[in-house]
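J.:
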Amino acid sequence: MFCLVLGVMPAFGGARDANSAPVTLYTHFQQEPAPPLVEAIEDELEAIMSPAGVRFEWYPLSDAGGRVSTQLAVIHFKGECDASGLRSDAGYPGPLGWTHISDGEILPFIDVNCDGLRLFVQRDLIGMPFAKRDEVLGRAIARILAHELYHLLAHTKEHAGKGIAKAAYSVEELLAGTLQFGKKECASLRSHAPRTIGEPSVQGQ
Ligand SMILES: [Zn+2]
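Everything in the sequence shown is counted per the numbering used here, starting at 2 for the first residue and increasing by one.
Next up, the structure:
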């Protein structure tokens, strides 16, 4: 049902992936997060995007010079991306992430609202074992990031009825063990995946 179905066609999928270029992500955290949380963000984004054949290379924004990329995005993580100091109240913070648009064009600048996400999920997150909270919050952050990257990489402002490309998530979806793209969104990402410079494109076959 989900895009993992594409993973069972290794000859076809593998040939495409061989030509796909990594997407370079430059990250800036307003407040430096704990290493396990960063690891959880990177692992979850890879788990969400690899069925669509999208790979990533991560660098801090402070190390952005002198690199050639087929596709890049700059990610600003706003507020505290931190699973400590949670309270037992909850709130509805508005958008949890957004992608910048200028003259109708989707720009490669993404903001993730970590303060808003904490407020939204903290009442449930605080009920989880302390040792699991970084991982669970990191996964939730990765889902918001994957949603915004979908807009950028699939060149669309549209949303889907389910999965990562939904217009809004529940707390349960953000904190669940898995959340994936639907099959259609996954195929769209795959068809738009950046190609290695100089390699013939197999898109459209
Ligand atoms: Zn959206």
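All residues carry an ideal CB built from backbone N, CA and C; glycine is no exception.
All values derive from a computational prediction rather than experimental measurement.
Quick check: the Cα distance between R191 and R134, rounded to an integer number of angstroms?
T.: The residue labelled residue 191 in the question sits at position 190 within the sequence shown. The residue labelled residue 134 in the question sits at position 133 within the sequence shown. Roughly 32 Å between the two C-alpha positions.
J.: Have a look at F121 and R196 and give me their C-alpha separation to the nearest angstrom.
T.: Taking the first residue of the sequence shown as position 1, residue 121 is located at position 120. Taking the first residue of the sequence shown as position 1, residue 196 is located at position 195. Approximately 37 Å, taken between the alpha carbons.
J.: What does DSSP give as the partner residues of D112 in its beta bridges?
T.: Residue 112 sits at position 111 when you count from the first residue of the sequence shown. H77, W99, per the DSSP bridge assignment.
J.: What's the C-alpha gap between S202 and R124?
T.: Within the sequence shown, the letter at position 201 stands for residue 202. Within the sequence shown, the letter at position 123 stands for residue 124. In this prediction, S202 scores a pLDDT of 43, lower than 50, which makes its location untrustworthy; no coordinate-derived value is stated.
J.: Who are Q72's beta bridge partners in DSSP?
T.: The residue you call residue 72 lines up with position 71 of the sequence shown. Answer is V24.
J.: Would you report the Cα separation of Y27 and A169, rounded to the nearest angstrom?
T.: In the sequence shown, the residue the question calls residue 27 occupies position 26. In the sequence shown, the residue the question calls residue 169 occupies position 168. When rounded, the distance between both Cα atoms is 25 Å.
J.: By a C-beta neighbour count over all protein chains shown, 10 Å radius and 16 as the cutoff for buried, is Y151 buried or exposed?
T.: Residue mapping note: residue 151 aligns to position 150 of the sequence shown, counting from 1. It counts as buried.
J.: Rounded to a whole number of angstroms, what is the C-alpha to C-alpha distance between A147 and M50?
T.: Within the sequence shown, the letter at position 146 stands for residue 147. Within the sequence shown, the letter at position 49 stands for residue 50. Distance between the alpha carbons of A147 and M50: 8 Å.
J.: Considering only heavy atoms of ligand 1, does any lie closer than 7 Å to the CB of A22?
T.: The residue given as residue 22 occupies position 21 in the sequence shown. Flag unset: Cβ of A22 not near ligand 1.
J.: Provide the residue span of the alpha helix (DSSP H) that contains F131, from first to last.
T.: The residue labelled residue 131 in the question sits at position 130 within the sequence shown. Looking at the DSSP string, the run of the alpha helix (DSSP H) that includes F131 is 131-154.
J.: Are there any heavy atoms of ligand 1 lying less than 7 Å away from the beta-carbon of H152, as far as the coordinates show?
T.: On the sequence shown, position 151 is the one that residue 152 refers to. H152: yes, Cβ under 7 Å from ligand 1.
J.: Taking E149 and G98 to be in contact with their CB atoms under 8 Å, please state how far apart those CB atoms are, rounded to whole angstroms.
T.: Position 148 of the sequence shown holds residue 149. Position 97 of the sequence shown holds residue 98. Contact holds; Cβ gap of about 5 Å.
J.: Can you tell me whether DSSP reads Q123 as helix, strand or coil?
T.: In the sequence shown, the residue the question calls residue 123 occupies position 122. Three-state DSSP puts Q123 in a helix.
J.: Is it buried or exposed, A84, if we count other Cβ atoms within 10 angstroms and call 16 or more buried?
T.: Position 83 of the sequence shown, counted from the first residue, corresponds to residue 84. Under this definition A84 is a buried residue.
J.: So what's G178 in DSSP terms, helix, strand or just coil?
T.: In the sequence shown, the residue the question calls residue 178 occupies position 177. In this structure, G178 counts as coil in the three-state DSSP scheme.
J.: What residue range is occupied by the uninterrupted alpha helix (DSSP H) comprising P36?
T.: For this step, residue 36 is matched to residue 35 along the sequence shown. Its alpha helix (DSSP H) spans residues 36-50.
J.: Below 8 Å, can you find three or more Cβ-Cβ pairs linking the segment 172-186 to the segment 153-162?
T.: Result yes; three or more Cβ-Cβ pairs closer than 8 Å.
J.: Count the other CB atoms, across all protein chains shown, that sit within 10 Å of the CB of M10; report buried if there are 16 or more and exposed otherwise.
T.: For the purposes of this step, residue 10 is taken as residue 9 along the sequence shown, with counting starting at 1. A caution first: M10 carries a pLDDT of 31, below 50, which makes its placement in the model too unreliable to give a value.
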